[in-house]
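Protein chains: 2
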Amino acid sequence: MYNFKYKNPTKIIFGKGTISNVANEIPAKAKILMTYGGGSIKKTGVYNQVKNALKNFELFEFGGIEPNPHYETCMKAVEVAKKEKIDFLLSVGGGSVLDATKLIAAGTLYKNGDPWKILSEKDRITDALPIGAILTLPATGSEMNGNAVITKNATQEKLAFGSPKVMPQFSILDPECVFTLPDRQVANGIADAFAHVMEQYLTFPVNSPIQDRFAESILITLIEEGPKVLANRSDYEAAANLMWSATMALNGLIAVGVPQDWTTHDIGHELTAFCGIDHARTLAVVFPGVMNMKRDNKKDKIIQYGKRIWGINKGTDNEIIDLTIQKTIDFFESLGIRTKLSDYDVSEHIIERIMNRFKERGTKMGENTDIDYIETGAILKSRL
Amino acid sequence: MYNFKYKNPTKIIFGKGTISNVANEIPAKAKILMTYGGGSIKKTGVYNQVKNALKNFELFEFGGIEPNPHYETCMKAVEVAKKEKIDFLLSVGGGSVLDATKLIAAGTLYKNGDPWKILSEKDRITDALPIGAILTLPATGSEMNGNAVITKNATQEKLAFGSPKVMPQFSILDPECVFTLPDRQVANGIADAFAHVMEQYLTFPVNSPIQDRFAESILITLIEEGPKVLANRSDYEAAANLMWSATMALNGLIAVGVPQDWTTHDIGHELTAFCGIDHARTLAVVFPGVMNMKRDNKKDKIIQYGKRIWGINKGTDNEIIDLTIQKTIDFFESLGIRTKLSDYDVSEHIIERIMNRFKERGTKMGENTDIDYIETGAILKSRL
Numbered sequence: 000m001y002n003f004k005y006k007n008p009t010k011i012i013f014g015k016g017t018i019s020n021v022a023n024e025i026p027a028k029a030k031i032l033m034t035y036g037g038g039s040i041k042k043t044g045v046y047n048q049v050k051n052a053l054k055n056f057e058l059f060e061f062g063g064i065e066p067n068p069h070y071e072t073c074m075k076a077v078e079v080a081k082k083e084k085i086d087f088l089l090s091v092g093g094g095s096v097l098d099a100t101k102l103i104a105a106g107t108l109y110k111n112g113d114p115w116k117i118l119s120e121k122d123r124i125t126d127a128l129p130i131g132a133i134l135t136l137p138a139t140g141s142e143m144n145g146n147a148v149i150t151k152n153a154t155q156e157k158l159a160f161g162s163p164k165v166m167p168q169f170s171i172l173d174p175e176c177v178f179t180l181p182d183r184q185v186a187n188g189i190a191d192a193f194a195h196v197m198e199q200y201l202t203f204p205v206n207s208p209i210q211d212r213f214a215e216s217i218l219i220t221l222i223e224e225g226p227k228v229l230a231n232r233s234d235y236e237a238a239a240n241l242m243w244s245a246t247m248a249l250n251g252l253i254a255v256g257v258p259q260d261w262t263t264h265d266i267g268h269e270l271t272a273f274c275g276i277d278h279a280r281t282l283a284v285v286f287p288g289v290m291n292m293k294r295d296n297k298k299d300k301i302i303q304y305g306k307r308i309w310g311i312n313k314g315t316d317n318e319i320i321d322l323t324i325q326k327t328i329d330f331f332e333s334l335g336i337r338t339k340l341s342d343y344d345v346s347e348h349i350i351e352r353i354m355n356r357f358k359e360r361g362t363k364m365g366e367n368t369d370i371d372y373i374e375t376g377a378i379l380k381s382r383l
Numbered sequence: 000m001y002n003f004k005y006k007n008p009t010k011i012i013f014g015k016g017t018i019s020n021v022a023n024e025i026p027a028k029a030k031i032l033m034t035y036g037g038g039s040i041k042k043t044g045v046y047n048q049v050k051n052a053l054k055n056f057e058l059f060e061f062g063g064i065e066p067n068p069h070y071e072t073c074m075k076a077v078e079v080a081k082k083e084k085i086d087f088l089l090s091v092g093g094g095s096v097l098d099a100t101k102l103i104a105a106g107t108l109y110k111n112g113d114p115w116k117i118l119s120e121k122d123r124i125t126d127a128l129p130i131g132a133i134l135t136l137p138a139t140g141s142e143m144n145g146n147a148v149i150t151k152n153a154t155q156e157k158l159a160f161g162s163p164k165v166m167p168q169f170s171i172l173d174p175e176c177v178f179t180l181p182d183r184q185v186a187n188g189i190a191d192a193f194a195h196v197m198e199q200y201l202t203f204p205v206n207s208p209i210q211d212r213f214a215e216s217i218l219i220t221l222i223e224e225g226p227k228v229l230a231n232r233s234d235y236e237a238a239a240n241l242m243w244s245a246t247m248a249l250n251g252l253i254a255v256g257v258p259q260d261w262t263t264h265d266i267g268h269e270l271t272a273f274c275g276i277d278h279a280r281t282l283a284v285v286f287p288g289v290m291n292m293k294r295d296n297k298k299d300k301i302i303q304y305g306k307r308i309w310g311i312n313k314g315t316d317n318e319i320i321d322l323t324i325q326k327t328i329d330f331f332e333s334l335g336i337r338t339k340l341s342d343y344d345v346s347e348h349i350i351e352r353i354m355n356r357f358k359e360r361g362t363k364m365g366e367n368t369d370i371d372y373i374e375t376g377a378i379l380k381s382r383l
């Protein structure tokens with residue numbers, strides 16, 4: 000394996016009934032800005048649980064953060080945070096709310112002009128407000144990492160940033176929050192976590208058995224437990240296993256010392272930015288195309304994945320790879336997630352726009368930095 | 000799975016040539032006390048590497064920390080730390096040096112009288128000097144947790160303590176340190192890490208597939224990579240995989256939300272305290288006895304372990320359990336570690352002393368708190 004550094008100081012508080020712990024985790028006398036989304040937390044009762052738990056704090060609110068959160072929305076929250084002299088941010092929601100909260104945390108203390116530069120110029124974050132999270136949706140892993148993805152509505156750009164400064168100090172994960180999620184969000188969460196694991200796993204072998212087997216452990220658990228959650232929303236044990244899987248999928252642990260390939264996310268972000276397709280669904284569309292396009296580079300790991308996850312032991316290498324890709328597609332489809340661009344009415348015109356953007360940016364992706372705009376076009380065309 | 004809390008802020012710096020990073024991890028102007036063992040770091044060159052890296056720091060030394068480190072030795076180091084107004088402790092060595100350093104860190108700032116109370120009375124640690132570690136031996140996992148085991152020579156007591164205050168701020172893991180280890184230390188390290196995993200895994204099922212599969216991932220890796228290290232000490236990849244396995248075996252991750260059973264360690268500590276047997280060897284002796292004695296309580300997990308780790312699929316439950324215990328014994332023996340008390344000339348008289356001590360202490364162990372001094376006696380007699 001490669002040399003690596005790893006540090007993850009986020010405190011996880013996991014289990015039923017844990018939301019009331021939030022008051023113990025925030026410094027006394029903190030002025031808190033609670034961030035949330037479209038208001039589902041009010042229907043589910045989480046909003047009231049948090050308000051009750053924090054009744055002895057000075058608590059401000061910023062709701063209305065959208066899925067694929069907008070830079071423009073974050074900047075409104077930054078204004079509130081500055082005006083009210085907020086000193087702690089509490090994200091209550093899923094990955095979108097938390098990603099937005101990370102930009103709000105950095106943006107409030109940003110001294111280099113427009114905080115969009117954190118994304119567009121990868122300007123390093125030197126300071127950020129402290130963040131805590133109450134997670135209501137297992138999916139993105141944002142609750143135990145320092146990464147976020149933000150969309151600039153004005154330009155239809157969806158970009159990522161990361162910094163240890165915006166890692167949550169704590170994240171509260173109550174699996175009972177899963178009970179009230181619609182099918183679509185559960186399915187998306189399973190697919191998102193699955194893709195996260197694959198992008199840290201499906202590259203080339205570097206003799207990293209712990210990382211490989213941990214990744215495979217998460218994949219198998221998502222395959223076994225995800226459908227249980229879809230079938231029975233009040234299966235607490237399945238919800239808990241799904242939630243912990245999604246967190247472990249992107250807290251950096253399975254990425255240590257191994258190559259990574261975030262091509263699927265990079266291309267998927269463009270499909271969301273241009274067409275508004277759910278993030279997880281873009282991954283289910285793009286990933287099989289990446290597997291097929293890079294079937295030679297990724298041969299050893301695809302075969303390992305096919306054997307260990309899908310039990311495929313017979314056939315030529317090419318037959319094993321074909322069947323493994325099909326099994327992956329079948330899994331996404333079994334969750335109710337369609338996997339072709341045509342399922343989302345995406346035309347060749349969009350492919351050209353994405354190719355042009357990657358050409359302009361000089362984008363090169365993949366574990367060998369060899370996926371350019373031309374291969375991106377070929378990957379997308381194979382998924383029409 | 001059960002509710003849990005998890006936080007592990009130790010920064011891991013892993014890989015060949017990483018020891019020179021140490022200077023970047025310690026605050027400028029820190030007065031450092033470097034702790035080490037019997038001097039093997041001088042033979043291997045690690046001592047010089049550290050001294051060179053820290054030439055711009057005020058550096059004191061405390062060597063001579065023994066395996067199964069003594070409270071009495073730690074107290075001498077506490078005197079040095081107080082006298083020299085040390086503000087950073089750097090442990091250079093294996094788990095024994097690091098465990099001692101943890102007691103030195105807490106003992107130097109202890110204000111409740113005799114620091115032995117941290118062990119004998121479980122007195123809570125409220126403050127400790129910051130610790131960094133350079134690990135030279137994969138085994139105990141002490142490099143990424145807040146636990147330590149200390150022996151009071153005067154009374155032949157070997158006791159454990161734990162606190163987040165004594166977690167290393169950073170640990171540098173250079174697998175090349177493995178190249179110079181004798182067979183005995185490599186074998187002991189493999190067995191120690193193996194036992195750590197088993198004691199967090201072999202209890203009763205609580206529907207925790209991630210934790211179970213992560214544990215199994217570490218076991219399989221130890222079984223595959225451990226013998227490679229024993230066979231070829233300069234196999235860097237195998238050394239790296241062994242080192243990372245040992246760290247992951249006891250950094251708390253596989254313990255979240257599941258029952259644990261530290262009976263083997265508790266009994267093993269007594270064998271070391273009374274007879275001076277290597278720690279890992281006591282585990283290899285005791286663990287098969289615990290498996291056999293608790294074969295009914297642990298039935299489901301023993302069968303899962305037998306199937307997933309040793310590929311045992313046929314037979315009655317009892318036959319599978321018998322074969323699984325035998326496979327475990329065979330594994331320890333294959334490392335050159337004997338597994339019977341008679342191999343170490345331990346007599347029934349020692350069993351009586353251990354039983355008496357546990358009777359006096361009112362010791363109850365195991366995931367069901369049902370292993371008392373009488374069962375301890377039976378476990379030990381079965382291993383004569």
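As you go down the protein sequences, you meet chains A and B in turn.
Those letters in the first sequence? Residues 0 to 383, per numbering that gives the first Met the number 0, in order.
Those letters in the second sequence? Residues 0 to 383, per numbering that gives the first Met the number 0, in order.
Note that the Cβ used here is the ideal one computed from N, Cα and C, for glycine as well.
Any non-hydrogen atom of the ligand SAH within 7 angstroms of residue i CB
| i | result |
| --- | --- |
| G288/A | As far as ligands go, the structure on display features none, and thus does not contain the ligand SAH. |
For residue j and residue i, the rounded distance between their alpha carbons
| i | j | result |
| --- | --- | --- |
| A230/A | P208/B | 19 angstroms |
| A52/A | P204/A | 48 angstroms |
| G225/B | T179/B | 15 angstroms |
| T82/A | D173/A | Sequence inspection shows Lys at residue 82/A; the Thr mentioned does not correspond to that position. Computed Cα separation, rounded: 32 angstroms. |
| V334/A | I124/A | The residue you asked about is not Val; residue 334/A is Leu in the sequence shown. Each residue's alpha carbon lies about 38 angstroms from the other. |
| N20/B | V49/B | 9 angstroms |
| E215/A | S341/B | 42 angstroms |
| G92/A | M197/A | 25 angstroms |
| D321/B | A190/B | 20 angstroms |
| K363/A | D369/A | 6 angstroms |
| R183/B | G14/B | 23 angstroms |
Proximal chain B residues relative to residue i, where beta-carbon distance stays under 9 angstroms
| i | result |
| --- | --- |
| N240/A | M0, N206, S207, P208 and I209 |
| I11/A | F3, K4, Y5, K6 and V255 |
Residue i versus the options, residue with shortest Cα-Cα distance
| i | options | result |
| --- | --- | --- |
| L383/A | T368/A, H348/A, F61/A and N355/A | H348/A |
| F59/A | G44/A, A76/A and T72/A | A76/A |
| K306/B | P8/B, D211/B, I18/B and C73/B | D211/B |
| A279/B | H69/B, V228/B and A192/B | A192/B |
| W261/A | D113/A, M143/A and H195/A | H195/A |
| L249/A | E236/A, G275/A, L218/A and Y235/A | L218/A |
| K157/B | S95/B, G140/B and C176/B | S95/B |
| G161/A | T150/A, N144/A and K227/A | N144/A |
Sequence-distant residues of the same chain with beta carbon closer than 7 angstroms to residue i, five excluded per side
| i | result |
| --- | --- |
| T100/B | T34, L88, S90 and I130 |
| V285/A | T263, I266, G267, I378 and R382 |
| F330/B | I222 |
| Q199/B | A214, I253, A254, V257 and Q259 |
| A283/A | A190, F331, I336 and T338 |
Closer than 8 angstroms at the beta carbon, the chain B residues around residue i
| i | result |
| --- | --- |
| I175/A | The amino acid at residue 175/A is misidentified as Ile; the sequence shows Glu. Going along chain B, no residue has its Cβ under 8 angstroms from E175/A, so there is no contact; the nearest lies around 11 angstroms. |
| P8/A | K6, N7 and P8 |
| S90/A | Correct list: empty, because the minimum Cβ distance to chain B is about 18 angstroms. |
| E236/A | M0 and N206 |
Other residues of its chain near residue i: CB distance less than 6 angstroms, five sequence neighbours each side excluded
| i | result |
| --- | --- |
| A29/B | D86 and F87 |
| A159/B | V148 |
| V255/B | F3 and Y5 |
Beta-carbon proximity list for residue i, same chain, < 8 angstroms, skipping 5 on both sides
| i | result |
| --- | --- |
| K10/B | E24, Q168, F169 and S170 |
| G361/B | none |
Per-residue contacts from residue i into chain B (C-beta, under 7 angstroms)
| i | result |
| --- | --- |
| L213/A | Checking the sequence shown, residue 213/A turns out to be Phe, not Leu. Simply F213 and S216. |
| H17/A | First, the amino acid is wrong: residue 17/A is Thr here, not His. The contacting residues are N2. |
Contact list for residue i against chain A, beta-carbon separation under 8 angstroms
| i | result |
| --- | --- |
| I219/B | P208 and R212 |
| M247/B | I209 |
Interface partners of residue i on chain A, CB under 7 angstroms
| i | result |
| --- | --- |
| S244/B | I209 |
Run through the stretch 142-188 of chain B for me and flag every whole beta strand (DSSP E) of 3 or more residues, listed as ranges in chain order. Whole beta strand (DSSP E) segments, 3+ residues: 146-151, 156-161 and 169-172.
I'd like the ranges of any alpha helix (DSSP H) spanning at least 4 consecutive residues and lying wholly in the stretch 10-87 of chain B. The alpha helix (DSSP H) runs of length 4 or more contained entirely in the stretch 10-87 of chain B are, from start to end of the chain, 21-24, 39-43, 45-52 and 70-82.
Write down every uninterrupted run of the alpha helix (DSSP H) in the stretch 251-317 of chain A whose length is 4 residues or greater and which is fully enclosed by it, in chain order. As far as the stretch 251-317 of chain A is concerned, its whole alpha helix (DSSP H) runs of at least 4 residues are 262-274, 278-292 and 298-309.
Can you list, in chain order, the stretches of the alpha helix (DSSP H) that have 4 or more residues and sit fully within the stretch 213-250 of chain A? Here the runs fully enclosed are 235-248.
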